[in-house]
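Chains as they are written, first to last, in the working numbering: chain A, 64 to 310; chain B, 726 to 1029. A virtual CB, placed ideally from N, CA and C, is assigned to each residue, including glycine. Please read all numbers here as calculations on a predicted model, not as lab measurements.
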Amino acid sequence: MLRGLGKLTWIEIKIFMREPLGAIGTIVVPVLVFVLVGRAITSKAQTPSMSNFARVGLPVMASILIVISAVLSLVTIISIYREGGILKRLRATPLRPQTILSAHVLVKLLLTAASLLLMFLAGKRYIPPGVHPPIVSFAVALVISTWSILSIGFVIASIVPTARFAQPVGAVVLYPMVGLSGLFAPIASFPPAFRMLARLSPMNYAVSLLQGIWVGDPWSAHLADVAMLIVFFLLFTALSAKIFRWE
Amino acid sequence: MRPVIQVSGLRKSYGRTVAVADATFEVNEGEIFGLIGPNGAGKTTTMECIEGLRKPDRGSIAVLALDPFRDVYKLQNRIGVQLQQAQLQKRIKVWEAVDLWASLYKKKSVDGDRLLDQLGLTDKRNAWFMNLSGGQKQRLFIALALINDPEVVFLDELTTGLDPQSRHAIWDLVRGIRERGKTVFLTTHLMEEAERLCDRVAIMEHGRIIDIDTPANLVLRHCPERTVVIEVSDPAAAEPFNLIPRVERVERNGSQFTIYGRGDLVTEVIHFLSENRVRVTDFRAILPNLEDVFLKLTGRSIRE
Ligand SMILES: Nc1ncnc2c1ncn2[C@@H]1O[C@H](COP(=O)(O)OP(=O)(O)O)[C@@H](O)[C@H]1O
Ligand SMILES: [Mg+2]
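Below, the structure written as structure tokens:
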């Protein structure tokens, strides 16, 4: 049933790397920003322990930005492929529709993981000796979050009329989600209407999960976050299965 | 001859646009069958319903005895498809596309490198799709349509937008597909293409099939008029032109005669000239073609 998934994913990764700005925009720039900000913070705060932001905020913020760029580039690529008839051409083969879309999800997951890995390697020297962030658990949490939020990407890709609108429409949906994610201000401090909105977005659960896992919470403390991310994934996947357009 | 495609009472609308109103026809094994008509006639929609890419509103379709919508995966393993407006990923390499396609089919696929060779794409193996010329892209799409050694090949406006030279090269390729015993179903709005390539054509207009036959029969049935223009060195010899069978009218303009008639007029005139040893300094036959048939059937030119 998933015949062709591996090959299609590999080809899509190669194609992505051939785009002039593709690899730079999604991998190099986030890692570079991370390193620069990390250096600025550590040089000022000459304390033996990391500042609160460096400890909790920075890795999570960086991860969320990676996820957002993954979703935006997913939306863009899907709408370009639809407009160019590439989706239609692939569908006129024995490839199953879900295989075609899964390949794109896999590409984004792999690139997200790669960015994260580079970021960790580059940022390692800012982590004081003796502090061991749970990098594997964090990676797993990031994959779960990316997966869930990517499923919104397919809903957005279903509603953008043409490829030209992919980026703006995606941004209009996603940046408010970051703003309301609890990353910059605790959700409890929002007015009630905003609080409601925030709860309807998977971003909060992603932030709560990533933040928690990064500071060493056990998974058992975040079962609710994981459950909500899965619920959102199922919901958005079912919705996009209904409204997704191939041409 | 076994029909490999059977379409009956097909109807398909997009919202309020009726793209295909009523189409019934059969395509036989081993022939090149053309669906011809102007842009917007409903050719692509008909073809995509047959390929299982669209669900008809009404009517029945069987391809290789399969229901294209219900058995779409079974069918896609046995057919090859070239779509009118499809592209590939801009930066996919030619060999990558062929390799990917080859991996998708259950049946063992044909040798991709040989296919590229036959289509003259060997030196483009490593080129990106976006850097291919129009003709090269179409040849790649033909390669992808043939990679699974299909029983039926669908080609939608294969040569639209190509220069005459690439067009002729592609016609030869399509004839080659038939030579290998495959059935070809193609659409075109180019009457010359239909006339040169197709064994049988169905003429479509406003979502309906208005006639089906071989190109020659269509011309013969709908446009039997023939005209021969000759110049003779001795006008006296032209006197008995009226007596040639099939001749209806003769006009004279100096030493030039225009002979109007029907059916096999041209053969009769040639016969007469050689029998009577008439010396001819110029000879021109004006034959109607599918464009004239279309004009006659619909009252408008297909180019409009
Ligand atoms: N996806 C679509 N959505 C809405 N209308 C369409 C679509 N595809 C084709 N049409 C309309 O259906 C009619 C038939 O189109 P088509 O089958 O493409 O004809 P042809 O291939 O003969 O040019 C046209 O009027 C066209 O505008
Ligand atoms: Mg068409």
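By the three-class DSSP mapping on this structure, what secondary structure does PRO111 (chain A) have? Indexing the first sequence from 1 puts residue 111 (chain A) at position 48. Reliability fails at PRO111 (chain A), whose pLDDT of 49 lies under 50, so the model's placement of it is uncertain and the value that follows must be treated cautiously. Of the three classes helix, strand and coil, the one that applies to PRO111 (chain A) here is coil, per DSSP.
Use the C-beta contact count for GLU882 (chain B): other C-beta atoms within 10 angstroms, 16 or more gives buried, fewer gives exposed. In the second sequence, the residue the question calls residue 882 (chain B) occupies position 157. That one is buried.
At which residues does the beta strand (DSSP E) containing GLN807 (chain B) begin and terminate? By one-based count along the second sequence, residue 807 (chain B) stands at place 82. In the DSSP assignment, GLN807 (chain B) falls within the unbroken beta strand (DSSP E) covering 804–807.
Please output, in chain order, the residues near ligand 1 using a CB cut-off of less than 6 Å to any non-hydrogen atom of the ligand. Those residues are B:TYR739, B:THR742, B:ALA744, B:GLY762, B:ASN764, B:GLY765, B:ALA766, B:GLY767, B:LYS768, B:THR769, B:THR770, given in chain order.
Relative to ligand 2, is the shortest distance from any of its heavy atoms to the C-beta of THR912 (chain B) smaller than 7 Å? The residue labelled residue 912 (chain B) in the question sits at position 187 within the second sequence. Correct: THR912 (chain B) has its Cβ closer than 7 Å to ligand 2.
Anyone know if the C-beta pair for ARG925 (chain B) and THR939 (chain B) falls short of 8 Å? Here residue 925 (chain B) is taken as the residue at index 200 of the second sequence, counted from 1. Here residue 939 (chain B) is taken as the residue at index 214 of the second sequence, counted from 1. Yes, the Cβ-Cβ distance between ARG925 (chain B) and THR939 (chain B) is below 8 Å.
If you draw a straight line from the C-alpha of PRO949 (chain B) to the C-alpha of LEU990 (chain B), how long is it? To locate residue 949 (chain B), count along the second sequence from 1; it is residue 224. To locate residue 990 (chain B), count along the second sequence from 1; it is residue 265. Between PRO949 (chain B) and LEU990 (chain B), the C-alpha separation is close to 10 Å.
Shorter than 8 Å from the beta carbon of GLU904 (chain B) to some beta carbon of chain A? As a first step, residue 904 (chain B) is located in the second sequence; it is residue number 179 there, counting from the start. No, its Cβ sits nowhere closer than 8 Å to a Cβ of chain A.
To the nearest angstrom, report how far apart HIS167 (chain A) and ILE74 (chain A) are at their CA atoms. To locate residue 167 (chain A), count along the first sequence from 1; it is residue 104. To locate residue 74 (chain A), count along the first sequence from 1; it is residue 11. Distance between the alpha carbons of HIS167 (chain A) and ILE74 (chain A): 10 Å.
Contacts around PHE253 (chain A), its chain only, beta-carbon distance under 8 Å, and the 5 residues preceding and following it disregarded: For this step, residue 253 (chain A) is matched to residue 190 along the first sequence. Same-chain partners within the cutoff: LEU243, ALA261.
Proximal chain A residues relative to GLN812 (chain B), where beta-carbon distance stays under 8 Å: Taking the second sequence and counting its residues from 1, one reaches residue 812 (chain B) at position 87. In chain order: GLY147, GLY148, ILE149, ARG152.
Residue(s) in a DSSP beta bridge with LEU922 (chain B): In the second sequence, residue 922 (chain B) corresponds to position 197, counting from 1. In DSSP, LEU922 (chain B) forms no bridge with anything.
LEU150 (chain A) and TRP210 (chain A): beta carbons closer than 8 Å? Taking the first sequence and counting its residues from 1, one reaches residue 150 (chain A) at position 87. Taking the first sequence and counting its residues from 1, one reaches residue 210 (chain A) at position 147. No, the pair does not count as a contact, with Cβ atoms beyond the cut-off.
Over what stretch of residues does the beta strand (DSSP E) that includes ALA744 (chain B) continue unbroken? By one-based count along the second sequence, residue 744 (chain B) stands at place 19. Here the beta strand (DSSP E) through ALA744 (chain B) covers 742–753.
Between the alpha carbons of PRO281 (chain A) and GLN274 (chain A), how many angstroms are there, rounded? As a first step, residue 281 (chain A) is located in the first sequence; it is residue number 218 there, counting from the start. As a first step, residue 274 (chain A) is located in the first sequence; it is residue number 211 there, counting from the start. One C-alpha to the other measures close to 12 Å.
Could you tell me which chain A residues have their CB closer than 8 Å to the CB of ILE817 (chain B), listed as they occur along the chain? The count along the second sequence starts at 1 and reaches residue 817 (chain B) at position 92. Within 8 Å Cβ-Cβ: ILE74, ILE78.
One question on the structure: do LEU1022 (chain B) and ILE895 (chain B) come within less than 8 Å of each other, judged by their Cβ atoms? The residue labelled residue 1022 (chain B) in the question sits at position 297 within the second sequence. The residue labelled residue 895 (chain B) in the question sits at position 170 within the second sequence. Inclusion of LEU1022 (chain B) and ILE895 (chain B) in the CB contact set at 8 Å is not warranted, their separation being larger than that value.
Is LEU272 (chain A) closer than 8 Å to ALA204 (chain A) when the C-beta atoms are compared? Start at 1 with the first residue of the first sequence, and residue 204 (chain A) comes out as number 141. Start at 1 with the first residue of the first sequence, and residue 272 (chain A) comes out as number 209. The Cβ-Cβ distance between ALA204 (chain A) and LEU272 (chain A) falls below 8 Å.
Where ILE984 (chain B) and ASP1007 (chain B) are concerned, what is the direct C-alpha to C-alpha distance, given to the nearest angstrom? Numbered from 1 along the second sequence, position 259 holds the residue referred to as residue 984 (chain B). Numbered from 1 along the second sequence, position 282 holds the residue referred to as residue 1007 (chain B). Going by the C-alpha atoms only, they are around 13 Å apart.
If VAL823 (chain B) sits next to ILE757 (chain B), beta carbons under 8 Å apart, how far is it from one beta carbon to the other, in whole angstroms? Mapped onto the second sequence, residue 823 (chain B) falls at position 98. Mapped onto the second sequence, residue 757 (chain B) falls at position 32. With 8 Å as the limit, VAL823 (chain B) and ILE757 (chain B) do not qualify as a contact, their Cβ atoms being about 24 Å apart.
With a Cβ-Cβ cutoff of 8 Å, do ARG974 (chain B) and ARG951 (chain B) count as a contact? Working through the second sequence from its first residue, we reach residue 974 (chain B) at position 249. Working through the second sequence from its first residue, we reach residue 951 (chain B) at position 226. Judged by their CB atoms, ARG974 (chain B) and ARG951 (chain B) are not nearer to each other than the 8 Å cut-off.
Kindly examine ligand 2 and report whether one of its heavy atoms sits closer than 7 Å to the Cβ of GLU773 (chain B). What you label residue 773 (chain B) is simply residue 48 of the second sequence in a count that begins at 1. Every heavy atom of ligand 2 is 7 Å or more from the Cβ of GLU773 (chain B), so no.
Per DSSP, LYS956 (chain B) forms a beta bridge with which residues? The residue given as residue 956 (chain B) occupies position 231 in the second sequence. Looking at the sequence itself, residue 956 (chain B) is Glu, so the reference to Lys does not match. According to DSSP, GLU956 (chain B) bridges with B:GLN981, B:ASP1007.
What are the boundary residues of the alpha helix (DSSP H) that SER142 (chain A) is part of? Taking the first sequence and counting its residues from 1, the one referred to as residue 142 (chain A) is at position 79. Where SER142 (chain A) is concerned, the enclosing alpha helix (DSSP H) stretches over 121–146.
Measuring only the C-alpha atoms, how far is PRO111 (chain A) from LEU180 (chain A)? As a working note, residue 111 (chain A) is residue 48 in the first sequence. As a working note, residue 180 (chain A) is residue 117 in the first sequence. Caution applies to PRO111 (chain A), whose pLDDT of 49 falls short of 50 and renders its modelled position unreliable; the model cannot decide the point.
Leaving aside the five residues before and after GLU1030 (chain B) along the sequence, list all residues of the same chain whose C-beta is less than 6 Å from its C-beta, in chain order. Nothing about residue 1030 (chain B) can be read from this structure; chain B reaches only from 726 to 1029.
For PRO111 (chain A) and chain B, any beta-carbon pair shorter than 8 Å? Locating residue 111 (chain A) in the first sequence gives position 48, counting from the first residue. Because PRO111 (chain A) sits at a pLDDT of 49, beneath the cut-off of 50, its placement in the model cannot be relied upon, and the point is left open.
Which same chain residues end up closer than 8 Å to THR225 (chain A) when comparing Cβ atoms and leaving out the 5 residues on each side of it in sequence? As a working note, residue 225 (chain A) is residue 162 in the first sequence. Excluding sequence neighbours, THR225 (chain A) sits near SER142, GLU146.
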